[in-house]
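Numbered per the working numbering, the sequence shown spans residues 142 to 390.
Ideal Cβ placement from N, Cα and C applies to all residues, glycine included.
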Amino acid sequence: MTVRILDGAIGTELIARGFDLDAPAWSARAIEDAPDLLARIHADYVGAGASLHTANTFRTQPLALGKGWAAALRAAVDIARDAVSPECAVLGSMAPIHDCYRPDLSPGKKGRAQHREVASALANAGCDALLCETFANGAEAVVAVEEALATGLPVWLSLTAGPFAELLSPSQLAQIGRDAVSNGVERLLVNCIAATQIGPYVDAIAALGVPLGAYANAGREDEALGWGATSPRAAEAYADLAERWKDAG
């Protein structure tokens, strides 16, 4: 089994390096205000061993950035591409239109037009694959995947049950994944669930027969920041848990 390493959080690293995040743009503000810092974070993940790098496009969408979203998206992809090694892949991040931890606010299928715009922009910016990530609403996940697949690029889907694993059960999450695989998704992942609680979700998608991945929350919930930075000791514990995910497939 070949294991490839995905990069880590962008927002958490921006905070750790002194860059303040503000709603609604969050980490997307760094594209214009701190591009060199953003590039260093990407490069540092290369140095840490990552070969899959997600462009900072999680919040480069019309609702968060308004008219400037497309220019910011292209700039984010360019920053990532220039910062990483030629053999690394750059993934375009497609996020839920509203809060990823509030699937009840999702527009569901009504969000198709925006997901189409974002997917097309990411493809035109030169991404190697599209990563629809942190989806907890099944209807919106399917729409995002369909529009991503329409670009002709490889598409990955990462689902979340929330930081406390309360939004979806493992079986519910696996059903969304099953539908996505039937539509043509190449890889299934789970993310933004506490590292100590993500195991059953990894096991659930492992049964679906496609390459899988996991990137869990390693830090702590913070009302002001969304998710606080973690410690070296916690990073060691995270690595131990990641070995279990690898064993699951």
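Asked: Nearest-angstrom Cα distance between residue 282 and residue 240?; Found: 13 Å
Asked: Express the C-alpha separation of residue 389 and residue 222 in angstroms, rounding to a whole number.; Found: 31 Å
Asked: Can you grab the Cα-Cα spacing for the pair residue 296 / residue 305, in whole Å?; Found: 27 Å
Asked: Does DSSP put residue 209 in a helix, a strand or coil?; Found: helix
Asked: Roughly how many whole angstroms lie between the Cα atoms of residue 236 and residue 374?; Found: 30 Å
Asked: May I have the straight-line CA-CA distance separating residue 290 from residue 300, to the nearest angstrom?; Found: 17 Å
Asked: How many angstroms separate the CA atom of residue 308 from the CA atom of residue 285?; Found: 19 Å
Asked: Taking the beta carbon of residue 227 as the centre, do at least 16 other beta carbons fall within 10 Å, making it buried, or is it exposed?; Found: exposed
Asked: CB-CB under 7 Å to residue 267, same chain, minus the five flanking residues each way: which ones, in chain order?; Found: 218, 222
Asked: Between which two residues does the alpha helix (DSSP H) holding residue 328 run?; Found: Segment 328-335 is the beta strand (DSSP E) holding residue 328; no alpha helix (DSSP H) there.
Asked: Could you please give the first and the last residue of the uninterrupted alpha helix (DSSP H) stretch that includes residue 324?; Found: 311-324
Asked: Hey, how far is the Cα of residue 151 from the Cα of residue 199?; Found: 10 Å
Asked: What is the rounded straight-line gap between the Cα of residue 302 and the Cα of residue 336?; Found: 12 Å
Asked: What did DSSP end up calling residue 149 once you bin it into helix, strand or coil?; Found: coil
Asked: Whose C-alpha, out of 160, 276, 172, is nearest the C-alpha of residue 247?; Found: 276
Asked: If I'm right that residue 191 touches residue 148 with Cβ under 8 Å, what's the distance once you round it to whole angstroms?; Found: 4 Å
Asked: Per DSSP, residue 186 forms a beta bridge with which residues?; Found: In DSSP, residue 186 forms no bridge with anything.
Asked: Report the CB separation of residue 193 from residue 162 in whole angstroms; it is logged as a contact under 8 Å.; Found: Between residue 162 and residue 193 the Cβ distance is about 23 Å, and since that is not below 8 Å, they are no contact.
Asked: Could you check which residue in 292, 253, 355, 347 has the C-alpha nearest to that of residue 274?; Found: 355
Asked: Using a 10 Å radius around the Cβ and a threshold of 16 neighbouring Cβ atoms, would you call residue 265 buried or exposed?; Found: exposed
Asked: Helix, strand or coil for residue 366? Go by DSSP, reduced to three states.; Found: Low confidence applies here, because residue 366 scores a pLDDT of 36, under 50, leaving its location unreliable and the question unanswered by this model.
Asked: Taking only three categories from DSSP, how would you classify residue 228?; Found: coil
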